[in-house]
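Asks: The structure that follows is given in the form of structure tokens.
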Amino acid sequence: MSAKQKQAAKSAKGLEFEGRSYDVDTLHAMHDSMLFIRRFEEKAGQLYGLKKIGGFCHLCNGQEAVCVGMEHAAQPTDYMMTSYRDHGHILARGSDPTAVMAELLGRAGGIVKGKGGSMHMFDIDKNFAGGNGIVGEQVPIGLGFGFSSWYKDDGRVTMCIMGDGGINQGGVYESFNMAALWKLPIVFVIENNQYAMGTALNRASAETHLFKRGISFKIPGMQIDGMDVLAVEKHMTEALEHARSGEGPILVEAVTYRYRGHSMSDPATYRTREEVDEWRTGRDPIARLQQQMIDAGLATEEHFKEKDKEIKKEVNTVAKDAEAQPEPDPSELWTDVYSDPIEGAYPYPGKVG
Amino acid sequence: MSAKQKQAAKSAKGLEFEGRSYDVDTLHAMHDSMLFIRRFEEKAGQLYGLKKIGGFCHLCNGQEAVCVGMEHAAQPTDYMMTSYRDHGHILARGSDPTAVMAELLGRAGGIVKGKGGSMHMFDIDKNFAGGNGIVGEQVPIGLGFGFSSWYKDDGRVTMCIMGDGGINQGGVYESFNMAALWKLPIVFVIENNQYAMGTALNRASAETHLFKRGISFKIPGMQIDGMDVLAVEKHMTEALEHARSGEGPILVEAVTYRYRGHSMSDPATYRTREEVDEWRTGRDPIARLQQQMIDAGLATEEHFKEKDKEIKKEVNTVAKDAEAQPEPDPSELWTDVYSDPIEGAYPYPGKVG
Amino acid sequence: MKITYREALNQAMCEEMERDNRVFLMGEEVAEYNGAYKVSQGMLEKFGPKRVIDTPITELGFAGLGVGASMAGLRPIIEFMTWNFAILALDQIVNAAAKMKYMSGGQYSCPMVFRGAGGSAARVGSQHSQALENWMANVPGLKVVMPSNPADAKGLLKAAIRDNDTVCFIENEINYGDVGEVPDGEYIIPLGKADVKRPGKDVTIVAHSRMTGFALEAAAELAKQGIDAEVIDPRTIRPLDEATILGSVAKTNRCVVVEEGWRFAGIGAEISARIMEKGFDDLDAPVARVTGKDVPMAYAANLERMTLPSVAEIVEAARVVTNRA
Amino acid sequence: MKITYREALNQAMCEEMERDNRVFLMGEEVAEYNGAYKVSQGMLEKFGPKRVIDTPITELGFAGLGVGASMAGLRPIIEFMTWNFAILALDQIVNAAAKMKYMSGGQYSCPMVFRGAGGSAARVGSQHSQALENWMANVPGLKVVMPSNPADAKGLLKAAIRDNDTVCFIENEINYGDVGEVPDGEYIIPLGKADVKRPGKDVTIVAHSRMTGFALEAAAELAKQGIDAEVIDPRTIRPLDEATILGSVAKTNRCVVVEEGWRFAGIGAEISARIMEKGFDDLDAPVARVTGKDVPMAYAANLERMTLPSVAEIVEAARVVTNRA
Ligand SMILES: Cc1ncc(C[n+]2csc(CCOP(=O)(O)OP(=O)(O)O)c2C)c(N)n1
Ligand SMILES: Cc1ncc(C[n+]2csc(CCOP(=O)(O)OP(=O)(O)O)c2C)c(N)n1
Ligand SMILES: [Mg+2]
Ligand SMILES: [Mg+2]
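Taken in order, these protein sequences are the chains called A, B, C and D.
To convert, take the position in the first sequence, counting from 1, and add 6; that gives the working numbering.
To convert, take the position in the second sequence, counting from 1, and add 6; that gives the working numbering.
To convert, take the position in the third sequence, counting from 1, and add 278; that gives the working numbering.
To convert, take the position in the fourth sequence, counting from 1, and add 278; that gives the working numbering.
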């Protein structure tokens, strides 16, 4: 039993992490959300294998604690945007899983009507602003959401998520500078899963302590264990408070790992079995929370086995319902190009040539 | 007599700066080069007023110590590139002043045949690679020159110069990261003249200590007095050695000041008279070196008065010779577009339509 | 009231910012400096530092800021000191703003204006002298507007700011000082409507932005030579009011298209191709193009003059298509 | 020898790197990963980490690195994983590489190749599916090359690497797996030469890159309908071998231009405008364009299919211009 687990066990009614306590319901909610994401991604992987999902499909297995811990720390009104590796985040935000799965399948009921696919998930009701396919593009966009909160003084914070590869893009630093200069309420979250496609962090970054990437712009940073949902929740809460209080932006580097290849087409031969196993079996965020809860007498193995069955069933239903949907109506080809289409001018809305 | 001047006076045969000594000839060479640039720019200003020079015209009055100190520290084979504020640098490198002035006048004998103008000076024989009008564009280009030296192992160092405004461009940080990652022989020089057009440094940069802008990429930096040619020469020598030795890139922030507006069309009302005077009369790099040399008994006021007359005459001759040149031959419109123009394919080389 | 093109743009922005406090202006030197070309003169004083904002020199970053702010419900006006610098920001314009509504299945949109001077100024060399409207006009999701006189500048900019899509509003530095009659207050020109700047029956000359003035000069010269030219300014490049152009060609049976930019796959190519597709039988002669020469812009005065389309070239082209050459 | 389009590109690069040690390959995942699309398979092993270099994800930065390296005497091949990402690097391509020789009065030049996959792949959505060749082809100083089969891929890439100007070499991901006969060793196709992929007498179909294959399928279908189509692949988009196109149109008197990209100010517009200018009297019908629909690319399979030009659309257009519709 690790020190952390001992400390956690102290409170019978829940768990504690560095002085912050989590009640049983919260812990179950976090666990179930992580497990749901895990099973959802596995299902997506299967459907991709069956060629029912096309194009690129980037799964987040292993990174669930980042998605869920962040969401639990945030307000529903806070904004979030990320890269193409977006399934876990939008699910954690509480979007309809059937709509997300339908999107992956390119169906009419997809969360963006089948127009975006895996890389371009959006849910305006959940303040989830994408889903971007261009590495780093979401960072200046996140800057704009943060600016809007500053402009409206609406008390919201923007969680702008990028990867350890994306952080090298120039637009990121242009954004860091403006965010710091104007003290915008933004938490820049770096999902450091240690690889950008096949490129290990140290082959792409001169400074591999990514939380230090804001120093040149006077942005404070912290590195956290992205495999521990409690650590993520605790430190994201601090980071969000910092940003919300008007002190300006802050950087959070969540160290995590993706179990699968970069996308479904990546065999990931650039990593050793040992390395993957070390993270997958040694540091899995779901197994870890389960163990902590069991050790603290908050749940039993049986419970989690049951819960897993339940969730798998749920995910199967989600997949079945999504697959049952038709493709988008052909008329959708021409919608959503303009808010104010101009009739009688060329190119003509809804017409070829 | 300032401490520095006292220290300098110690060596009768020359001057010393922080343990580095400069003989009389070197000191005169530096002085004359700075004074020549000053008078050249004043003449350019006059010709602009007479509408003989068109477009944008960015003068470097006040920044001469940076141009001259850097050049004296460098090898002729070292590469240099900068922004549109390039007259002083190309003159310091030793390019033909008549060709530079002819370029400003848009004449056939211009250093780039009248095709580039003030912002686009190049001299391949002096390893001066421009002259760029897009703020920050020269930085990735400088990265490429540094890469080429690494690739060829030719022992050259690239001096890549940018302004306090240019340093915010994203491409700069992409370049910092790659330069540091691959330990390329590059000295990134920031001419911090404290304004980007009308924008004071602290209104554009969250971190105003620009030499720290490389920290997030593990690039060391130093801030130097850009109004003291000896300080520039001394520290640029150190920086060049650092880069040449294979230790990777280094940042040098030279704090300086431009006496004139951003360009000839800028009244510079965003600065107080007092501020300008403090720098212009209080810290002028030419007056300062003259005083140091006089105090050290290395030259007399009379000498400098004479030298100034001489240089003014020289500059007048340069201007007269340049003005005497014809405009480029109309046939030049079509040259230098391609190295391998393809005859018989459209658009046709040298033809309209 | 007679005011400059510059003042007309300023008026349009001020009126729209008074009307709608979601509208703000951001860009390099727009606030304390009153604009590099003084288009935003007095706006900082009028609206304060929260709505008129100077940026660092980071086009990609603040263009993206505008995209995000528009998604969050604001109505940004993002000024590029010149459109040459917008090349650095193109990813945010083309991959984010233009596609956002479609990608998000209609959930998010980017009602915003990217504006600034396009084309060449005077003697500023190759990197500061390019016309990119054809790149922007190529992209579904964007609208492209280019006023050629003060009244159009005001009426079109007001319409662009109210439009719920992303509008690339491309001005011309050399026109900033042009003076013309401009209606005060509420004056809006709908996007997607061309304007016949001079009626005529012998030949149609289509020209936008600064070239409209060149075309009108050419028309005056042609009149002396007994050729009655009709000059059409599309004003909105995308979407294009081709009906007005095709109608004119149906009448004149001859057409010259003028643009400052490079010819290959330019605006003139599109208009020529459209006339081919929709007005083929109306043509008594092939449509002619007068464009910038296929070279980067040189600094030297004589080379610069040669690079740009000239009134003489337009006159000559009109004579050719009317078989008077 | 029959090899894939992908292998043909690999062969071209390997041969040129063996011939000239100033040539190097740089880009994302080109070295240890052997290329995101395996085009650089085995090259790291063959040439070592100094000549086959993985970069961080910083397109603007490493494109500029290539520009500087070429000015300093090297011959960079800069790979964009796809051309979609090159939008971030456009300033270095258009404002630096394309203008460097002119701006410097001929002192510096940028002999280099920017290469990667352009156009749409399969089901990758709007940000990963765009054809930008018309933007590049608009710019003097650049050359634009787009191979449609393995042999052309090899011969054109070798020519591009040896060319002393900046070449934008745009491949197509869907063609990477195509197999074809490719001459071993020294095989060079001069830039600026179109290729008649199928001779015919009734109608000329001009198509490049992936669309060449569509055009050939359409020609086969048309043949069944008694229409003998000539299919021309320009191969080099800029500069364009229009003589071959005009010659064909002089024979067939009818023309269809096909492109995957958006129509407005695209390659088809330019070709149509050129035929207007140079082949007007040869035309028995207006030139028709078949292009990508004027919308961003959707992910859904049915919408994606509708967005791209189809063989059926090409057939139909050919029937219309030959008055068979
Ligand atoms: C501008 C741009 N360049 C390249 C790509 C291709 N690409 C897609 S994902 C990726 C790696 C990104 O790695 P990282 O930022 O660490 O995110 P992760 O995939 O690990 O979540 C690359 C190079 C792209 N989509 N956009
Ligand atoms: C990409 C780009 N944006 C804007 C401009 C317009 N502009 C020219 S110089 C300048 C200020 C640059 O200031 P700084 O980098 O400090 O250099 P300095 O002029 O002080 O030498 C600006 C905004 C430009 N040329 N390029
Ligand atoms: Mg990663
Ligand atoms: Mg400055």
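Beta carbons: idealized from backbone N, C-alpha and C, even for Gly.
Predicted, not measured: the structure shown is a model, and the values here were computed from it.
If you measure from the beta carbon of Lys436 (chain C) to each beta carbon in chain A, is any gap under 8 angstroms?
Replies: Judged by the 8 angstroms Cβ criterion, Lys436 (chain C) is not in contact with chain A.
Asks: I'd like to check one pair, Ala415 (chain C) with Ile510 (chain C): are the Cβ atoms closer than 8 angstroms?
Replies: no
Asks: Counting only runs of 4+ residues fully inside the region 145 to 223 of chain A, write out the alpha helix (DSSP H) ranges in chain order.
Replies: 176 to 187, 207 to 210
Asks: Look up Lys280 (chain D) in the DSSP assignment and say whether it is helix, strand or coil.
Replies: strand
Asks: How big is the Cα-Cα spacing for Arg602 (chain C) and Phe558 (chain C)?
Replies: 21 angstroms
Asks: In chain order, what residues have a CB nearer than 6 angstroms to some heavy atom of ligand 4?
Replies: B:Gly169, B:Asp170, B:Gly171, B:Asn199, B:Tyr201, B:Ala202
Asks: Name, please, each residue of chain B whose Cβ falls closer than 7 angstroms to the Cβ of Ala521 (chain D).
Replies: Chain order gives the chain B residues near Ala521 (chain D) as Gly350, where near means a beta carbon separation below 7 angstroms.
Asks: Is the separation between the beta-carbon of Glu109 (chain B) and that of Gly100 (chain B) shorter than 8 angstroms?
Replies: Not closer than 8 angstroms, so no.
Asks: Please state whether the Cβ-Cβ distance between Leu581 (chain D) and Leu339 (chain A) is less than 8 angstroms.
Replies: yes
Asks: Using the C-alpha atoms, what's the distance from Ala114 (chain A) back to Asp335 (chain A)?
Replies: 7 angstroms
Asks: In whole angstroms, what separates the C-alpha of Ala578 (chain C) from that of Ile439 (chain D)?
Replies: 33 angstroms
Asks: By how many angstroms is the C-alpha of Val261 (chain A) removed from the C-alpha of Arg277 (chain A)?
Replies: 17 angstroms
Asks: Any beta-carbon of chain C closer than 8 angstroms to the one on Asn288 (chain D)?
Replies: Not one chain C Cβ lies under 8 angstroms of Asn288 (chain D).
Asks: When you compare the region 483 to 497 of chain C with the region 536 to 543 of chain C, are there three or more beta-carbon pairs, one atom per stretch, that lie closer than 8 angstroms?
Replies: yes
Asks: Taking the CB atoms as reference points, tell me whether Ser387 (chain D) and Ser345 (chain B) lie closer together than 8 angstroms.
Replies: yes
Asks: Extract the residue ranges of the alpha helix (DSSP H) inside the region 242 to 297 of chain B, only unbroken runs of 4 or more that lie entirely within it.
Replies: 279 to 288
Asks: Starting from Lys319 (chain B), trace the alpha helix (DSSP H) in both directions and tell me its first and last residue.
Replies: 307 to 329
Asks: I want to check one thing, is the minimum distance from the CB of Gly61 (chain B) to the heavy atoms of ligand 2 below 7 angstroms?
Replies: Taken from the Cβ of Gly61 (chain B), every heavy atom of ligand 2 lies 7 angstroms or farther away.
Asks: When we look at the beta-carbon of Arg91 (chain B) and count the other beta-carbons within 10 Å, is it buried (16 or more) or exposed?
Replies: buried
Asks: Counting pairs of beta carbons, one from the region 237 to 252 of chain A and one from the region 72 to 92 of chain A, are three or more of them closer than 8 angstroms?
Replies: yes
Asks: CB of Phe363 (chain C) to nearest heavy atom of ligand 2: below 7 angstroms?
Replies: yes
Asks: Would you identify the three-state DSSP class for Ser526 (chain D), choosing helix, strand or coil?
Replies: helix
Asks: Ignore the nearest five residues each way along the sequence and tell me which others in Gly478 (chain D)'s own chain have a CB closer than 6 angstroms to its CB.
Replies: Asp506, Ala507, Glu508
Asks: What is the residue span of the beta strand (DSSP E) that Gln229 (chain A) lies within?
Replies: 227 to 231
Asks: Across which residues does DSSP place Gly122 (chain A) in a beta bridge pair?
Replies: Paired residues: none, contrary to the question.
Asks: Please classify Leu586 (chain C): does DSSP put it in a helix, a strand, or coil?
Replies: coil
Asks: Please report how far the alpha carbon of Glu180 (chain B) lies from the alpha carbon of Gly176 (chain A), in whole angstroms.
Replies: 5 angstroms
Asks: Going by beta carbon distance, what residues of the same chain come within less than 8 angstroms of Gly169 (chain B), once the five residues before and after it are set aside?
Replies: Ser89, Arg91, Val141, Ile196, Glu197, Asn198, Asn199, Ala202
Asks: In whole angstroms, what is the alpha-carbon distance linking Phe278 (chain C) and Ile549 (chain C)?
Replies: With chain C covering 279 to 603 only, the question about residue 278 (chain C) has no answer from this structure.
Asks: Looking at the structure shown, is Lys556 (chain D) part of a helix, part of a strand, or coil, going by DSSP?
Replies: helix
Asks: Could you tell me which residues DSSP puts in a beta bridge with Asp129 (chain B)?
Replies: B:Phe134
Asks: Any chance you could list the alpha helix (DSSP H) runs of at least 4 consecutive residues sitting entirely within the region 20 to 82 of chain B, in chain order?
Replies: Fully enclosed alpha helix (DSSP H) runs of 4 or longer: 30 to 55, 70 to 79.
Asks: Any heavy atom of ligand 2 inside 7 angstroms of the beta-carbon of Arg209 (chain B)?
Replies: Arg209 (chain B) has its Cβ no nearer than 7 angstroms to any heavy atom of ligand 2.
Asks: Check the Cβ-Cβ distances between Trp340 (chain B) and every residue of chain D, and say whether any is below 8 angstroms.
Replies: Cβ-Cβ to chain D under 8 angstroms: no for Trp340 (chain B).
Asks: Using 8 angstroms as the cut-off, can you tell me whether the region 366 to 379 of chain D makes contact with the region 331 to 341 of chain D, which would need three or more C-beta pairs spanning the two stretches below that distance?
Replies: Touching, yes, given that three or more Cβ pairs across the two stretches are closer than 8 angstroms.
Asks: Could you work out which residue in D:Ala498, D:Asn450, D:Phe302 is closest to Ala400 (chain D) when comparing CA atoms only?
Replies: D:Asn450
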